[in-house]
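I have placed the structure first, in the form of structure tokens, so that the comments after it can refer back to it.
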Amino acid sequence: MSKVCEISGKRPVVANKITRRGKAKREGGVGKKITGISKRRQLPNLQKVRVKIGDRTLTFRVSASHIHKVYELAERAKGMDTRGLSDKKLKARLLQLLK
1 MSKVCEISGK
11 RPVVANKITR
21 RGKAKREGGV
31 GKKITGISKR
41 RQLPNLQKVR
51 VKIGDRTLTF
61 RVSASHIHKV
71 YELAERAKGM
81 DTRGLSDKKL
91 KARLLQLLK
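For what it's worth, our numbering labels the leading residue of the sequence shown as 1, then goes sequentially.
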């Protein structure tokens, strides 16, 4: 399962983890020294949000900062004809409403 937000497109990013040693100058030391830099991944805070649209329940994987957008979509989708649409096509049509 991909770690990408379906609404915003947020995805994992690469960051540096910096390891330091020593005593800070403000604490009376000679200053912190960097002893190593290693790569790490920062993952988006993805949550599963289930929304009932018509007679169906759709699951969206969205970042926590965009959960409100899913409920906004559900409000806009009221009265939408969902017959004959697969879940995937319905989800694609709903995401077009945001743009």
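Just so it is clear, CB atoms sit at the ideal spot from N, CA and C, and this is done for glycine as well.
Beta-carbon separation (whole angstroms), residue i vs residue j, contact threshold 8 Å
{"i": "R20", "j": "I34", "result": "6 Å"}
{"i": "L97", "j": "R76", "result": "5 Å"}
{"i": "V14", "j": "R50", "result": "So it is not a contact: roughly 31 Å between Cβ atoms."}
Nearest neighbour of residue i, chosen from the options [CA to CA]
{"i": "R83", "options": "A64, I53 and G28", "result": "I53"}
{"i": "T57", "options": "S86, K17, K3 and A24", "result": "S86"}
{"i": "T59", "options": "V14, Q42 and L95", "result": "L95"}
{"i": "S2", "options": "V14, I18 and L46", "result": "L46"}
{"i": "D81", "options": "K99, Y71 and D55", "result": "D55"}
{"i": "G9", "options": "H66, G31 and R26", "result": "H66"}
{"i": "K99", "options": "L73, G22, G79 and K17", "result": "L73"}
For residue i, the three-state DSSP class (helix, strand or coil)
{"i": "I7", "result": "coil"}
{"i": "A77", "result": "coil"}
{"i": "L43", "result": "coil"}
{"i": "L85", "result": "coil"}
{"i": "A15", "result": "strand"}
Own chain residues within Cβ distance below 6 Å of residue i, not counting five before or after
{"i": "K69", "result": "I7"}
Other residues of its chain near residue i: CB distance less than 7 Å, five sequence neighbours each side excluded
{"i": "S63", "result": "C5, S8, K10, P44, N45 and L46"}
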